[in-house]
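Reading through the structure tokens given below for one structure.
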Ligand SMILES: NC(=O)c1ccc[n+]([C@@H]2O[C@H](COP(=O)([O-])OP(=O)(O)OC[C@H]3O[C@@H](n4cnc5c(N)ncnc54)[C@H](OP(=O)(O)O)[C@@H]3O)[C@@H](O)[C@H]2O)c1
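In our numbering, the protein residues as written are 766 to 1035.
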């Protein structure tokens, strides 16, 4: 019996897939069984994976890898995740799923919910411990600073290659603020502003996405009052922070019974 934890990474050829590879290869308690990606060489054709992933296979060829892994970590794209989930469901494993892909639509969220009875699952838009703390603090601030007096705005920035906007983290922050104020996010959410928008209604939650360059991830939550302004901000300076959080989540989740778990409980952020 091996003492190491066998993991498989979906989206292995991407930015996160490579960050995971580097950390997992250096961790004595983890064993990378392999990676899954549409094309083993990466879309750019330039990726080389000699250090960490013994092999990278497309979804249709991945069943033997699934059989060997205890945890699947996915940082890919919604379409890819969907195909991977079908396979995992069909094969009955790996038993623990750590999902970091963002931009999941309602159908995919429902799909994940339907898997909770059979698999131990963490789905999170942001695997950094600092952002988990930011979420908790934003909820607390929103409860203390009333919507009628303090206008909440969320500003996020990411690199130019990010495909979904606003970020999943910005949406999670907006949801946390809305929940604390007993609001329904869909009713108060305002994505950007342009033209003759009229005065800002109280209770609105503005969300703004900046895109460009190589920004790894920045989130700012503003509470703008008449006589004071309160801000919470977080910057990720290395995407390894997300990989590190995902691997901590994987270790924590590996031997849990089926169910949905939060990253906060896995990281001990309360
Ligand atoms: N939860 C978090 O903490 C966190 C942190 C960072 C990023 N993310 C999310 O994780 C996901 C991956 O991010 P990344 O920066 O690693 O992305 P990336 O560099 O573009 O890599 C995406 C990976 O998924 C594969 N893929 C499969 N189907 C794809 C499709 N239809 N479109 C694009 N890629 C596809 C890519 O394969 P090829 O190489 O063949 O293209 C690659 O392996 C995104 O959803 C991102 O928002 C989450």
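C-beta atoms are modelled at their ideal positions from N, C-alpha and C, and glycine is treated no differently. This structure is a prediction, so every number in the text was calculated from the model and none was measured.
- Each of 786, 825, 790 was checked against the Cα of residue 803, and the nearest Cα belongs to 825.
- Relative to the Cα of residue 913, the nearest Cα in the group 932, 891, 880, 953 belongs to 953.
- In this structure, residue 983 has its CB at a distance of at least 6 Å from all heavy atoms of ligand 1.
- Sixteen is the threshold: since fewer than 16 other Cβ atoms of the shown chains lie within 10 Å of the Cβ of residue 962, the residue is exposed.
- With contacts defined by Cβ atoms closer than 7 Å, residue 1034 and residue 938 do not form a contacting pair.
- A distance below 7 Å separates the beta carbons of residue 925 and residue 977.
- For residue 776 and residue 838, the gap between their C-alpha atoms comes out near 9 Å.
- Taking C-beta separations shorter than 8 Å and ignoring five residues to either side along the sequence, the partners of residue 921 in its chain run 931, 932, 934, 935, 972, 973, 974, 975, 982, 983, 984, 985, following chain order.
- Our two residues, residue 836 and residue 817, have alpha carbons roughly 16 Å apart in a direct line.
- Taking residue 834 as the centre and dropping the five residues before and after it, the same chain places the C-beta of 771, 772, 773, 798, 859 closer than 7 Å to its C-beta, in chain order.
- In the three-state reduction of the DSSP assignment, residue 833 falls in the helix class.
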